[in-house]
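Visitor: First the structure, then my questions, so here it is.
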Amino acid sequence: MVVVGRTSSTRTRRFLLVSFIVGIVAVFVAEATFASAVLPRTKAAVIVRNAIPLDAEFAEINRVSHWPADWIDAVCEKPVYALSNYTRLPHSTANASCRSLIKPGGEVDYLMISRFPSELPMQVDLHNAGYQWYAFAFNDGSLVAFETVSETAVAGNNGFQESPVLQPLKRFGFNIYSGPGPP
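According to this note's numbering, the residues represented by the sequence shown are 17 to 199, in order.
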């Protein structure tokens, strides 16, 4: 009879141990299922710590005329606000913000003006921050980019959709792009 008592006690311990393990696994599965339902928006998965250096040929891409002050005057209402430590564009080296001169439908749109060391970090940052439209040019060893989150679009001269708030930059030779992101 003593043996039966030990066997019953051992079986009870095993049953409790297995039940405990099954309960822990069920909790982890439930947490993983819940966590997967509330994941944040996908971000570009590109490491840009060692950005690709600019080649001399890069200066010929998106050639534009005039100077950054002229570009800013073409699209921005005064004042233009310099932003220090703007965390939404972590790879930018300088940022400013302004209200757009063009107000589609009478609504105010805001523009960001940023400098980037090269195109890849620019594309990654603009994608991750949710910008819809952008235009950029090479200037002084880096890229100057104009970007907006506005989804407003009009047909351009080439038949493609483009942002009306960035259209004044076209007279300097800028191209207007949508949907930034790494290739």
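Even for Gly, the Cβ is constructed at its ideal location relative to N, Cα and C.
#1: Let me make sure I understand the geometry here. Which of Met128, Ser108, Leu185 has the alpha-carbon closest to that of Val96?
#2: Give every residue of the same chain whose Cβ lies closer than 8 Å to the Cβ of Arg115, excluding the five residues on either side of it in the sequence, and list them in chain order.
#3: Could you tell me the distance, in whole angstroms, from the CA atom of Asp89 to the CA atom of Ala151?
#4: In chain order, which alpha helix (DSSP H) runs of at least 4 residues are fully inside the region 145-178?
#5: To which residues does DSSP link Asn111 through a beta bridge?
#6: Please classify Pro184: is it buried, with 16 or more other beta-carbons within 10 angstroms of its beta-carbon, or exposed?
#7: Can you round the beta-carbon distance between Ser108 and Asp141 to whole angstroms, since I take them to be within the 8 Å contact cut?
#8: Among the residues of its own chain, which have a CB less than 7 Å from the CB of Thr28, if the five just before and after it don't count?
#9: Let me make sure I understand the geometry here. Which of Arg187, Asn111, Pro180, Ser35 has the alpha-carbon closest to that of Leu159?
#10: For Pro120, I'd like the list of residues in its chain whose CB is within less than 8 Å of its CB, leaving aside the five on either flank, ordered along the chain.
Guide: Based on what the coordinates show:
#1: Nearest C-alpha to Val96 among Met128, Ser108, Leu185: Met128.
#2: Cys92, Glu93, Val124, Asp125, Tyr126, Leu127
#3: 15 Å
#4: none
#5: Answer is Leu99, Ser130, bridged to Asn111.
#6: buried
#7: 6 Å
#8: none
#9: Asn111
#10: Ser166, Thr168, Val170, Pro180, Val181
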